[in-house]
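Novice: Take this structure, written in structure tokens, and hold onto it; I'll ask about it next.
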Amino acid sequence: MKKFLLSAVALATLGLLSTGCTKYKDQQKAVSGFAKVYCDESFRNILEQEIAIFEYQYPQSNVMARYMSESAALDSLLNDNVDLIITQKDLTQDQKRYLAAKNRAYRSRMIAVDAVALIVNKNCDIDELSMQELTDLMTGKHRTWGKIVPTKMRNDSIRLLFDGNASGVIHYAKEKFLGGKEFTFPVYSAKSSEEVFQLVEKNRNAIGFVGVSWIADDMGESQKNEETRFKELNKSEQETEPSAIDFTNRVKVLKVRSMDRVTGVKPYQAYIADGSYPLFRKIYAIDAAHPGMPAHQFFVFLTGVIGQKIILQTGIMPGAEPVRVVDVSK
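In this note's numbering, the protein residues as written are 1201 to 1530.
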């Protein structure tokens, strides 16, 4: 199995995250209580790892995650049903004004740079798609594989699979290729990313769209028990070694070729970092909880050193932007 080591860009990002941060093991304030977080389903694989380590570090805490469309998560935040959400969109100016009118302070931070991966059946003879070919596919210009690329499946109808009809992934695809408009032909919305995998495994003519963390093989990192993983995550920057990331062998991961490139690349972290892989997106954590509340403490964890190291191990890039805080109480 080919291992792909993180680039110097990824390691430099991790170094920036460590600068000026206080390690959680040195925190004096105990964290306890119940927190809710609503999250886009495509980020589930990562959030569950974050919760496991957070609850190990703070045994008296409990985080309940609900997975839903990004629009439902945003609506829940605005309607006071939850104080912490994970989504691919930051708040709009109208949404910020709405929260301010309700005297709700918020903190918004980009916690990761994710990418949308294209997966096909292992028996599919297609290895790469260009952005122009993807545009032709998404707009419905061609509806059989043979019209898109040379293939043995030339007469097979193309079946597009997404992880839900209101997920962040399908919204990303609409904005990227359709200017935010709806598809002009039927696409299949699965109930989850796992169901996208199952359908691709059964259908040679299908192409699935999922978040990169769902295809990343972290070489056993996520299979370690919480105690072992927590100790390793708490190593100093000098002791932290780069992760080795490969992709699952359940399906074939396609290369994607930008308009200005001769060859395509797969969504490895180095190519997400330098922009060579064109289907990347930002992931935000938006927190409207009062400081000291469990939801806010989990937000602090997600945006801190350990939370960002976990993201680094899942096949995507951690965010390194400063937290933007709006205090409407003054």
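Quick reminder that beta carbons are idealized off the backbone N, C-alpha and C, glycines included. It should be emphasised that the depicted structure is a prediction, and the values quoted were computed from it without experimental measurement.
1) The beta strand (DSSP E) spanning residue 1385 covers which residue range?
2) For the alpha helix (DSSP H) that contains residue 1393, what are its first and last residues?
3) Check whether the Cβ atoms of residue 1240 and residue 1311 sit closer than 8 Å, and answer yes or no.
4) For residue 1207, which residues from the same chain have a beta carbon less than 8 Å from its beta carbon, with the 5 sequence-adjacent residues on both sides left out?
5) Taking 8 Å as the cut-off, does the region 1302-1316 touch the region 1407-1414 (at least 3 CB pairs, one atom from each stretch)?
6) Closest to residue 1336 by CA distance: which of 1279, 1371, 1378 and 1305 is it?
7) Does residue 1493 come out as helix, strand or coil in the three-state DSSP assignment?
8) Distance check for residue 1283 and residue 1489, CA to CA, integer angstroms please.
9) Return helix, strand or coil for residue 1223, following the three-state DSSP convention.
10) Could you check which residue in 1296, 1432 and 1344 has the C-alpha nearest to that of residue 1357?
11) Taking the DSSP output, what are the residues bridged to residue 1286?
12) CA-CA distance, residue 1462 and residue 1453?
13) Relative to the C-alpha of residue 1517, which candidate in 1391, 1480 and 1501 has its C-alpha closest?
14) Just the C-alpha distance for residue 1309 and residue 1491, rounded to the nearest angstrom, thanks.
15) With residue 1408 and residue 1319 assumed to form a contact (beta carbons below 8 Å), what rounded beta-carbon distance in angstroms separates them?
16) Just how far apart, CA to CA, sit residue 1383 and residue 1404?
17) Suppose you measure from the CA of residue 1328 to the CA of residue 1465; what does that come to, to the nearest Å?
18) Helix, strand or coil for residue 1516, going by three-state DSSP, please let me know.
19) For residue 1519 and residue 1500, what's the separation of their Cα atoms in angstroms?
20) At the level of alpha carbons, what is the spacing between residue 1305 and residue 1450?
21) Taking the continuous beta strand (DSSP E) assigned at residue 1473, which residues delimit it?
22) Is DSSP giving residue 1370 helix, strand or coil here?
23) Taking buried to mean at least 16 other C-beta atoms within 10 Å of its own C-beta, is residue 1243 buried or exposed?
24) Assign residue 1427 to one of two classes, buried (16 or more other C-beta atoms within 10 Å of its C-beta) or exposed (fewer than that).
Specialist: Inspection of the coordinates gives the following:
1) The count along the sequence shown starts at 1 and reaches residue 1385 at position 185. Taken as a continuous stretch (DSSP letters only), residue 1385 belongs to no beta strand (DSSP E), as it is neither H nor E.
2) On the sequence shown, residue 1393 is found 193 positions in, with the first residue counted as 1. Residue 1393 -> alpha helix (DSSP H) spans 1393-1402.
3) Within the sequence shown, numbered from 1, the residue matching residue 1240 stands at position 40. Within the sequence shown, numbered from 1, the residue matching residue 1311 stands at position 111. Cβ distance not < 8 Å, so residue 1240 and residue 1311 don't count as in contact.
4) Working through the sequence shown from its first residue, we reach residue 1207 at position 7. Residue placement at residue 1207 is flagged as unreliable, the pLDDT there being 45, under the threshold of 50; the coordinate-derived value follows with that caveat. Answer for residue 1207: 1469, 1470, 1473 and 1474, listed in chain order.
5) yes
6) Within the sequence shown, the letter at position 136 stands for residue 1336. For residue 1336, the nearest C-alpha among the options comes from 1378.
7) The residue you call residue 1493 lines up with position 293 of the sequence shown. Reduced to three states, the DSSP call for residue 1493 is coil.
8) For this step, residue 1489 is matched to residue 289 along the sequence shown. For this step, residue 1283 is matched to residue 83 along the sequence shown. Cα to Cα, the separation comes out at about 5 Å.
9) The residue given as residue 1223 occupies position 23 in the sequence shown. With a pLDDT of 48 at residue 1223, under the threshold of 50, the modelled position of this residue cannot be trusted; read the value that follows with caution. Coil, per DSSP.
10) On the sequence shown, position 157 is the one that residue 1357 refers to. Per the Cα distances, 1344.
11) Start at 1 with the first residue of the sequence shown, and residue 1286 comes out as number 86. Partner(s): 1239 and 1485.
12) Indexing the sequence shown from 1 puts residue 1462 at position 262. Indexing the sequence shown from 1 puts residue 1453 at position 253. One C-alpha to the other measures close to 19 Å.
13) Looking up residue 1517 in the sequence shown gives position 317. The residue with the shortest Cα to Cα distance from residue 1517 is 1480.
14) Taking the sequence shown and counting its residues from 1, one reaches residue 1309 at position 109. Taking the sequence shown and counting its residues from 1, one reaches residue 1491 at position 291. Cα to Cα, residue 1309 sits roughly 15 Å from residue 1491.
15) Along the sequence shown, read from residue 1 onward, the residue named residue 1408 stands at position 208. Along the sequence shown, read from residue 1 onward, the residue named residue 1319 stands at position 119. Indeed, because the Cβ distance is near 4 Å, the residues count as touching under 8 Å.
16) Taking the sequence shown and counting its residues from 1, one reaches residue 1383 at position 183. Taking the sequence shown and counting its residues from 1, one reaches residue 1404 at position 204. When rounded, the distance between both Cα atoms is 22 Å.
17) On the sequence shown, position 128 is the one that residue 1328 refers to. On the sequence shown, position 265 is the one that residue 1465 refers to. Straight-line Cα distance between these residues: approximately 8 Å.
18) Stepping through the sequence shown from its first residue, residue 1516 is reached at position 316. Residue 1516 falls in the coil class under three-state DSSP.
19) By 1-based counting over the sequence shown, the position of residue 1519 is 319. By 1-based counting over the sequence shown, the position of residue 1500 is 300. Looking at the two C-alpha atoms, the distance is approximately 13 Å.
20) Stepping through the sequence shown from its first residue, residue 1305 is reached at position 105. Stepping through the sequence shown from its first residue, residue 1450 is reached at position 250. Each residue's Cα considered, the two are about 44 Å apart.
21) Against the sequence shown, residue 1473 aligns to sequence position 273. That residue, residue 1473, is in no beta strand (DSSP E); its alpha helix (DSSP H) goes 1469-1473.
22) Locating residue 1370 in the sequence shown gives position 170, where the first residue counts as 1. Of the three classes helix, strand and coil, the one that applies to residue 1370 here is helix, per DSSP.
23) Residue numbering aside, residue 1243 sits at position 43 when the sequence shown is read from its first letter. With 16 or more other Cβ atoms within 10 Å, it is buried.
24) The count along the sequence shown starts at 1 and reaches residue 1427 at position 227. Residue 1427 is exposed by the Cβ-count criterion.
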